[in-house]
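> Below you'll find the structure I mean.
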Amino acid sequence: MRNLLLIRDTFNENSTLGKLYLNGEFVGHTAELPFKDNQRSISCIPEGVYTCSIRQGEQSKSYNYEHLIVNKVPDRDFILFHVGNNPQKDSKGCILLGNYRSDDEVQVFESRKCFNTFMELLKCYCKKNCNKTICISDIGKCCCSDKISLIIKNR
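In this text, residue positions in the sequence shown follow the numbering used here: the first is 3, and each later residue adds one.
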């Protein structure tokens, strides 16, 4: 069953924006860096299938709260779901969550509130530190079937 779905729907020179769904219910907007061939610190991650897990705040030098880490992204490390509004200022390739998008479609707002809600909902489906499958693909190409997965689709 596919539980998490991220649909990337807005692409510009400053960001990639999308919508995140949990079990078919909208949970927030996403903001990522634009895709620049998966270059470290300046690009969102490429399409593909990944695993992820909940990471405790004490495991991170930068974030003192639980967050989701995406594992085994080719040529990348420490790709996270975390709090932040503007991918140009708050991300080095990670996925930011927010309740609203800016009118200029560059960033999200109310990130902490949205992120905390997302993590609480996610933990209802999985014990801490469990592995989840993430599938990142173009629309119609994903073949994920694990219990908890994230599908990222480009429109």
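Idealized CB from N, CA, C, for every residue including glycine.
What's the gap between the Cα of S113 and the Cα of R103?
If I take the Cα positions, the gap works out to 10 Å.
> Could you check where the beta strand (DSSP E) with K21 kicks off and where it finishes?
Taken as a continuous stretch (DSSP letters only), the beta strand (DSSP E) holding K21 covers T18 to L24.
> On a Cα-Cα basis, can you pick out the residue from L70, G26, Q109 and N40 that is closest to T16?
In the sequence under discussion, the amino acid at residue 16 is Asn, which differs from the Thr named in the question. When only C-alpha atoms are compared, the closest one is Q109.
> Given a threshold of 16 other Cβ atoms within 10 Å of its Cβ, counted over all protein chains shown, does R10 qualify as buried or as exposed?
Flag for R10 reads buried.
> Note down, one range per segment and in chain order, each beta strand (DSSP E) of at least 3 residues found wholly within the stretch 21 to 56.
Runs found: 27 to 34.
> Quick check on F80: does DSSP put it in helix, strand or coil?
If DSSP states are grouped into helix, strand and coil, F80 belongs with coil.
> Specify whether the stretch 17 to 28 and the stretch 50 to 61 touch according to this definition: at least 3 beta carbon pairs, one from each stretch, less than 8 Å apart.
Not touching, per the Cβ criterion.
> Leaving out the 5 sequence neighbours to the left and right, which residues in its chain are closer than 6 Å to R57 when beta-carbon positions are compared?
Hits under 6 Å: H69 and I71.
> Grouping DSSP H, G and I as helix and E and B as strand, with all else coil, what is N118?
Three-state result, N118: helix.
> Inspect the beta-carbon positions of P89 and L35 and report whether they are closer than 8 Å.
Taking 8 Å as the Cβ cut-off, P89 and L35 qualify as a contacting pair.
> Helix or strand or just coil, what does DSSP make of G86?
Here G86 sits in coil by DSSP.
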